[in-house]
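>
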Amino acid sequence: MSDCTLTLASDATHPLKYNGQIMTEKMNVESFNLDHRTVVAPYVRVADRKVLPHGDQLTKYDVRFTQPNTAHLDMPSVHSIEHLFAEKSRNHSDAVIDFGPMGCQTGFYLILAGDPAYDDVLALIEATFTDILAATEVPAANETQCGWGSNHSLEGAQAAVRAMLAERDTWSSVTA
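Numbering (numbering that gives the first Met the number 0), first residue to last: 0 to 175.
1. Which residue comes first and which comes last in the alpha helix (DSSP H) that contains ASP119?
2. With VAL39 as the anchor, note down where its beta strand (DSSP E) starts and where it stops.
3. Any idea which residues DSSP pairs THR169 with across the strands?
4. Using the beta-carbon count (16 or more within 10 Å), is THR105 buried or exposed?
5. Could you name the residues that DSSP lists as bridge partners for THR58?
6. For LYS87, count neighbouring Cβ atoms within 10 angstroms of its own Cβ and tell me buried if that reaches 16, exposed if not.
7. List the endpoints of the continuous alpha helix (DSSP H) containing VAL77.
8. With H, G and I counted as helix, E and B as strand and the rest as coil, what does DSSP make of PHE98?
9. What separation, rounded to the nearest whole angstrom, lies between the Cα atoms of ASN90 and GLY54?
10. Closer than 8 angstroms is the cut-off here; do at least three beta carbon pairs connect the stretch 133-150 with the stretch 69-86?
11. Helix, strand or coil: which one does DSSP assign to GLY155?
12. Distance check for MET101 and THR143, CA to CA, integer angstroms please.
13. Does the structure place the stretch 65-78 close enough to the stretch 40-53 that three or more beta carbon pairs sit under 8 angstroms?
14. DSSP puts THR174 in a beta bridge; with which residues?
15. Taking 7 angstroms as the limit between beta carbons, can you name the residues of its chain near ARG167, skipping five residues before and five after?
Have a look at this one:
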């Protein structure tokens, strides 16, 4: 296995570097091409669009809760937001394919079937977050239905969602 690392230059005037070299080619993962120093969370942006072999389309959204490399969500909250959003969002849309956490713990990827209007996606997220705030328990937060059923925090999830909703007017702005 090669020893490759992705590093960012120490100031915003330098481009992304890979193994100490300036990146001249795009990487396969879209978010690795995003300069995380220039974004201002929270936001919701289209991260990728894919047309599958039989013509079906998927659209992936970056639902960013916290400022990259500055703050992150704790894992019990991330886990609970994932469960709550996965369950509650499907009450609002049949297009939801997946809602998965980012490894950096700063947000989630929402994958939808088709190419819905951006404002409709924001409305779906807002409606689902409102449902999360009204929840009295995290669905499937038990040993039978979850691989780590004790690792949840409804209160933490609701606090993170409340903070995200408080910034609803900024979701469409990715950079300052």
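Just so you know, even glycine gets a beta-carbon here, dropped at the ideal spot from N, CA and C.
With the structure as the only source:
1. DSSP places ASP119 in the uninterrupted alpha helix (DSSP H) bounded by 117-133.
2. Taken as a continuous stretch (DSSP letters only), VAL39 belongs to no beta strand (DSSP E), as it is neither H nor E.
3. THR169 pairs with nothing; no bridge assigned.
4. THR105 should be labelled buried.
5. ARG48, LEU111
6. By the C-beta density criterion, LYS87 is buried, having at least 16 other C-beta atoms within 10 angstroms.
7. 74-88
8. strand
9. When rounded, the distance between both Cα atoms is 26 angstroms.
10. yes
11. helix
12. 24 angstroms
13. Yes, the stretch 40-53 is in contact with the stretch 65-78.
14. VAL38, per the DSSP bridge assignment.
15. GLU125
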